[in-house]
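In full-length UniProt numbering, the protein residues as written are 1 to 192. In this text, a Cβ means the ideal position worked out from N, Cα and C, and glycines have one as well. Keep in mind the model is a prediction, meaning the values are calculated, not measured. These notes concern the structure reproduced below.
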């Protein structure tokens, strides 16, 4: 989960609350079945807690929340295990974007570099990643150093529970896998 990106979302939704915790703990708090649920139909929310999941509590309407989150996406840097969306090739020659002190780090990441007159030079062309490949930790680090974002940070809403006990699964336009950067969120109205 990307803390800095989530902080931006929390800032926009100051009037609402996000809750993240261990899925089993949240599941027990909501109720695992009809007989031990805290409020009507909360066990259905409990059953949806899988993977990187959180709960979102707000007094805003379902339409407002769904509209905002469906449009919210930010470019972000890939992590190891993500799939490269395009090929990145560095060509032989100077790398002026890096200071001379970074040369050992770049070499350790697998780049064929040498230091000439205080400037980092790439000894030969180097393919950092190829489109469709799963990124290694070294490739992800190089892409970040090159300031090349490869993923979109977004939050996928999964379902809605309201104080009147209604529960609704939301239609999902994508099919996020555990590898995706999307965070599944439960949207819950808290109309006191």
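- The three-state secondary structure of residue 43, taken from DSSP, is helix.
- Here residue 95 is actually not in contact with residue 123; their C-beta atoms are around 11 Å apart, not less than 8 Å.
- CA-CA distance, residue 58 to residue 12, rounds to 12 Å.
- In this structure, residue 41 and residue 167 form a Cβ contact; the two beta carbons are roughly 4 Å apart against a cut-off of 8 Å.
- Residue burial is scored here from C-beta neighbours: residue 169 has fewer than 16 other C-beta atoms within 10 angstroms and is therefore classed as exposed.
- Around the beta carbon of residue 33, fewer than 16 other beta carbons sit within 10 angstroms, so the residue counts as exposed.
- For the pair residue 46 and residue 165, the Cα-to-Cα distance works out to about 14 Å.
- Secondary structure in the stretch 64-119: the beta strand (DSSP E) runs of 3 residues or longer, each lying completely within the stretch, are 74-76, 88-90 and 113-116 in chain order.
- In the three-state reduction of the DSSP assignment, residue 133 falls in the coil class, being assigned neither a helical nor a strand state.
- In the three-state scheme derived from DSSP, where H, G and I count as helix and E and B as strand, residue 10 is classed as helix.
- Judged by DSSP in its simplified three-state form, residue 158 adopts strand.
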